[in-house]
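Structure first, commentary second.
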Amino acid sequence: MQKVGIIGVGQSAFVRGYEGSIRELVFEGFSEAMRDAQIKPQDIQASIICSAPEYDKQRTPAGLMAEYLGLNPQPTFYIESVCSSSSMGLRVAFSMIQAGLHDVVAVIGFQKMSEISSAESQERMGRGADIMWESPFGTMMPAYYAMHARAHMNTYGTTEEDLALIRVKAASYGQINEKAVYRKGVTLEKALESDPVSTPLKVFDCCANADGSSCIIVASEEMAKKLSPKPVWILGLGAASAPINMAGRTTFTGLTCAREAAKQAYDMAGVGPGDIDVAEVHDCFTIAEMMAYEDLGFAEPGKGKELIRNKETYIGGKIPVNVDGGLLSKGHPIGATGGSQIRTITLQLRGEAGPMQVDGAKIGLVHNIGGVGIYGNVTIFGRDE
Amino acid sequence: MQKVGIIGVGQSAFVRGYEGSIRELVFEGFSEAMRDAQIKPQDIQASIICSAPEYDKQRTPAGLMAEYLGLNPQPTFYIESVCSSSSMGLRVAFSMIQAGLHDVVAVIGFQKMSEISSAESQERMGRGADIMWESPFGTMMPAYYAMHARAHMNTYGTTEEDLALIRVKAASYGQINEKAVYRKGVTLEKALESDPVSTPLKVFDCCANADGSSCIIVASEEMAKKLSPKPVWILGLGAASAPINMAGRTTFTGLTCAREAAKQAYDMAGVGPGDIDVAEVHDCFTIAEMMAYEDLGFAEPGKGKELIRNKETYIGGKIPVNVDGGLLSKGHPIGATGGSQIRTITLQLRGEAGPMQVDGAKIGLVHNIGGVGIYGNVTIFGRDE
Amino acid sequence: MGFERFGTVSFVSQTKVAKFVDFLDEGSLMGTKCKSCGTKYFPPRNDCAECLSSDMEWFEITGPGKLVTYSKLMYAPSGFEKDLPYRICVVEYPDGVKVFGRISPSISDEELSIGMDLVAVPVKLSGDKVAYEFRRP
Amino acid sequence: MGFERFGTVSFVSQTKVAKFVDFLDEGSLMGTKCKSCGTKYFPPRNDCAECLSSDMEWFEITGPGKLVTYSKLMYAPSGFEKDLPYRICVVEYPDGVKVFGRISPSISDEELSIGMDLVAVPVKLSGDKVAYEFRRP
Ligand SMILES: [Zn+2]
Ligand SMILES: [Zn+2]
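Chains as they are written, first to last, in my numbering: chain A, 853 to 1237; chain B, 853 to 1237; chain C, 17 to 153; chain D, 17 to 153.
Right under this line is the structure:
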């Protein structure tokens, strides 16, 4: 089977309260990717629009975006797996290209979380769980990840300080990422002193909501070689799910969907955790990054804390993780998040990540989770020698 | 490249006001498809959940459905192109199988339109158009299709009676389809006398809202041959889009997305309109079926009216269309509609359509449109000799 | 902000082309034109899908245009009930630009015919809102 | 109908397992068990994912179970503000069934420890609503 490559990447700045419409926001990521790939809208043979629909007033945004971006009459549709929507979009783009239906596909992610009022947002937050059996108790994303943090601490002796160290790392890279929403540093003390949100997680354990867009241009091997001087190849794809109900889970010290997706991706790519030079993991909360270390095999179960204590996930460490600021500091505009992670890894593998560059990175990994481990996507990328 | 086949189909009854939850509704279509395919949930390697999110309180229903149907830890995600969501789902399932990612994929469509109140429904209706430039004028689906009807009548001399004849046909088959929401016959007089909704369209020119679910089990050639005594093969797939804004349209006498999708599907299948033995077309309004006759090449532009006047789209005619009652009488539970169309054609090609059977049908076509011609999917199916 | 003043019911407040509403206040229906490649857009937009430039200028839609198609609504979504019945339409201008909108109540159903000349006229709505409608030239 | 009585804020009124609420009224927390293959489900469901049967019977969740994990919320979604702060948890029973719910205010934060025994007790909420909470056995 042929290879499938990435020939263009773009994202808007991730910001609080974008002052334009969603179509204008999406154009920012799209136009950057088009300039990067040096192609025109008519070269795109299909578009996949990824977001979480609760944040839009616009129904069926795929059609609107295709029109605004000049992508008619090519097919377009919408894919959603909440926070991992654009990684799932990449999986589908890969598939359509392998199936021979298209040679060049745009995966476009966006979210304008500020499109709805704060009250509306509060109302939607409660409906991300099973609305029959869990939402009636009053649930929120931080509380679910907090239950995982509690279990991890109880089982492995992980501490609140260990989690805070992850935030300190994220902030140190958010400071040097011009597209990040949170550009300030965070000291260990500041992180530990922040107010509790849902125990044991505090304000600084939680990622920053943001408005943003991303775009990834995916191409067949032949087109990638023709159009791009530095194509980045998709080496392995993994995807899995777990029950939305906590009552259906088998563990709270990790995410089974991530473990399963990682296994698939490593197998398909023919590499192991030790071969990864740089990774983007889904750090919607600090505990999520801690679990990712272990679910991805960067550390044994319970040993994730050693990685961060020893700064092994900083640039220069054994396995640099989220050296663009991650969701914690770069921001988490739901539908755009996976695309932004893929963009970061693409730039790393091209050697174009600027001050965030991991020297000589050849193999990169993206770990993107939807909901509280409902959906897990792990994707491995490589470059030509 | 290998073939991809359908090995199981199911749908719930299409009803007004389903009295269970959406998970229970989805189970009805899913369990019928599983019994039809004689497989178990663990044999499904990925699931694609298709609906229009505005009708659900539940956020990210893919995760919920995968859990309820026993489809964890396999990957699952959500696809939306409004009314054509499950045809788009089929296109993606085909792609994932061709890409070698999965051998058996379930495409599950559903809509419980009665999940929200009538007032909420009225509010959402206005937001299916471009919410910046058209919705502020007060727009609705019937009005958009009515503008097409007006243009078609003005250009070609099509009459209100011609459209009513399409409804009469739909009702004659809805009467014999046990899964249809509207089981009564409709006389030409009754159709013509019904109240105007948006001129020139009347109540009986509009499809019936319904709650329902559908499920299509798609398999690789090897698995299809192993598991199914009568696999139905996907011969051709077409998909296209058109601007959501009416100001961006080039014609109002047909849907350009359907014409483009039909061309792709015919080319891929290596057949023409004259080779189709039975068709399901997207008759959300009578004018939509009239335009489909012409967009699919069953009639020359403007000659669609001859087909219905001469009963050529009845069983026994040149090209039987929507002989299961269509959206007009069978009902239109948005996300489930395409899956139900595919089910009908699968049963026809297997010779299992009961009183609706078109004798000796070998090649079938599904035409499924999202929004007012924003998304067009045309899919062509065939059976072994 | 500002765009929430457009139309009977508004769904979007923030857009980079919110100046459209100010032009309606001043009596003009405006589209945008790409300074880079010259493509004209209605509805107006901030970004060009042809050449990906975001350098746009405003131009006025002047009439008359021709009625392409229309329909009279007897039912309406939430918030539009008191306007019923009303007619929506598409009008095409000589330069190929098309405009979607409502037909003025000053034209009767009987007077309507496809191909007839119409002009777009900005109108004030209740609650400090603005829109435009199509009238006889 | 009837299921809208479950929980502080309800989002679903119609389900084939609405009888769950009647059982809470009567003082019992119930799951469902597949008559065909014997699989036990909590939350209860109308349909079996193992064997695709819809022939289910009710069974009572009796305690005690063990606390698997928990968290105390300092912020809440709309409609739950007046309950703040409150604690959610997962409890596992000897037969492997797990139940998600809230921990009773009768247990202090200091008393909580993972692995402790808890029992689920149906409770009445304001507005004729019902739920259950976890207490000491
Ligand atoms: Zn331009
Ligand atoms: Zn069973």
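Glycine included, every Cβ here is placed at the ideal spot set by N, Cα and C. Quantities reported herein were computed from a predicted structural model and do not represent experimental measurements.
Report the neighbours of residue i on chain C: residues whose CB is nearer than 7 Å to its CB, in chain order.
| i | result |
| --- | --- |
| B:T991 | I104 |
| A:L921 | A65 |
| B:Q974 | P93, S94 |
Our contact map puts residue i next to residue j with C-beta atoms below 8 Å; I'd like the distance itself, whole angstroms only.
| i | j | result |
| --- | --- | --- |
| C:V84 | C:V113 | Contact doesn't hold; Cβ gap of about 12 Å is too wide. |
| D:R118 | A:F1104 | Their Cβ separation, rounded to whole angstroms, is 17 Å, which puts D:R118 and A:F1104 out of contact at 8 Å. |
| D:V146 | D:P138 | 6 Å |
| B:H1239 | B:V1133 | For residue 1239 of chain B there is no data in the structure shown, the boundaries of chain B being 853 and 1237. |
| B:R1202 | B:R1161 | Contact flag wrong, Cβ pair sits at about 31 Å. |
| A:V1230 | A:G1106 | That pair is no contact at about 13 Å. |
| D:D99 | D:K56 | Actually they do not touch by this definition, with Cβ atoms about 30 Å apart. |
| B:P994 | B:S1050 | 4 Å |
| B:Y1025 | B:G1177 | 5 Å |
In the DSSP output, what is residue i paired with across the bridge?
| i | result |
| --- | --- |
| A:H1219 | A:V1230 |
| A:I931 | A:C902, B:I931 |
| A:F1137 | A:C1058 |
| A:W1085 | A:G857, A:G1234 |
| C:D133 | C:K82 |
| C:E149 | C:R118, C:V137 |
| A:V1173 | A:A1131 |
| A:Q863 | A:S1066 |
| C:F22 | C:V146 |
| D:Y57 | D:T48 |
Might you give, ordered along the chain, the residues of its own chain that have their beta carbon closer than 6 Å to the beta carbon of residue i, omitting 5 neighbours on each side?
| i | result |
| --- | --- |
| D:M132 | L83 |
| B:G1149 | P1125 |
| B:A1016 | L1040, A1043, L1044 |
| B:W1085 | K855, G857, G1234 |
| A:A1205 | L1199 |
| A:G881 | G862, Q863, S864, S1065, S1066, C1067 |
| A:M1142 | G1156 |
| B:I1069 | I859, G860, A885, A889, A958 |
Among residues of its own chain, excluding the 5 on either side of residue i, which ones have a beta-carbon nearer than 8 Å to its beta-carbon?
| i | result |
| --- | --- |
| C:R21 | V37, D144, K145, V146 |
| C:S52 | C64, C67, S69, D71 |
| A:L923 | P893, I896, S899, M917, A958 |
Would you mind telling me which residues of chain C sit closer than 9 Å to residue i, beta carbon to beta carbon, in chain order?
| i | result |
| --- | --- |
| B:M999 | V84, T85, Y86, S87, I104, C105, V106 |
| B:S873 | Per Cβ cutoff of 9 Å: no residues; B:S873 is ~26 Å from chain C at best. |
Using C-beta distances below 7 Å, list every residue in its chain close to residue i, excluding the 5 sequence neighbours before and after it, in chain order.
| i | result |
| --- | --- |
| D:G95 | T24, V25 |
Which residues of chain A have a Cβ atom closer than 8 Å to the Cβ of residue i, listed in chain order?
| i | result |
| --- | --- |
| D:V146 | Simply none; closest approach about 10 Å. |
| B:K909 | R979, I983 |
| D:M226 | What is shown of chain D runs 17 to 153, which leaves residue 226 of chain D out entirely. |
| C:F27 | K909, Q910 |
Residue i versus chain B: which residues are under 8 Å apart at the beta carbon?
| i | result |
| --- | --- |
| D:V115 | Under the 8 Å cutoff, chain B gives no residues; its nearest Cβ is about 16 Å from D:V115. |
| A:G952 | M853, Q950 |
| A:L916 | D982, I1096 |
List the residues of chain D that residue i touches, going by C-beta distances under 8 Å, in chain order.
| i | result |
| --- | --- |
| A:F1104 | V84, T85, V106 |
| A:R967 | Sequence check: residue 967 of chain A is Glu here, not Arg. Within 8 Å Cβ-Cβ: nothing; A:E967 doesn't reach chain D, min ~17 Å. |
| B:S1253 | Because chain B spans 853 through 1237 in this model, residue 1253 of chain B falls outside it and cannot be assessed. |
Against residue i, what residues of chain A qualify as contacts under a CB-to-CB distance less than 7 Å, listed in chain order?
| i | result |
| --- | --- |
| B:V934 | T912 |
Mind listing the chain B neighbours of residue i? Cutoff is C-beta to C-beta under 9 Å, in chain order.
| i | result |
| --- | --- |
| A:V944 | F929, I931, V944, S947, M948 |
What does residue i reach in chain A if we use C-beta pairs closer than 9 Å?
| i | result |
| --- | --- |
| B:R1195 | Neighbours of B:R1195 on chain A: none; closest Cβ ~21 Å, over 9 Å. |
| C:K56 | Residues of chain A passing the Cβ test: none, with the nearest at roughly 14 Å. |
Give me the chain B residues within the contact set of residue i, using Cβ-Cβ distance strictly less than 7 Å, ordered along the chain.
| i | result |
| --- | --- |
| A:P1095 | E919, N924 |
Since residue i meets chain D, which of its residues come closer than 7 Å, beta carbon to beta carbon?
| i | result |
| --- | --- |
| B:F879 | D63 |
Along chain D, which residues have their Cβ under 9 Å away from the Cβ of residue i?
| i | result |
| --- | --- |
| B:M1120 | In chain order: nothing, as chain D lies at least about 35 Å away. |
*Curious, which full-length beta strand (DSSP E) runs of at least 3 residues does the region 61 to 126 of chain D contain?*
72 to 76, 81 to 89, 102 to 108, 114 to 119
*Inside the region 1090 to 1130 of chain B only - beta strand (DSSP E) runs reaching at least 3 residues*: none
*Whole beta strand (DSSP E) elements within the region 1044 to 1076 of chain B, 3-residue minimum*: 1048 to 1050, 1063 to 1072
*Where are the alpha helix (DSSP H) runs, 4 residues long or more, that stay fully inside the region 905 to 963 of chain A, in chain order?*
913 to 920, 937 to 950
*Segments of 4+ residues assigned as alpha helix (DSSP H) that fall wholly inside the region 27 to 51 of chain D*: 35 to 41
*Which runs of the alpha helix (DSSP H), 4 residues or longer, sit entirely within the region 965 to 996 of chain B?*
970 to 977
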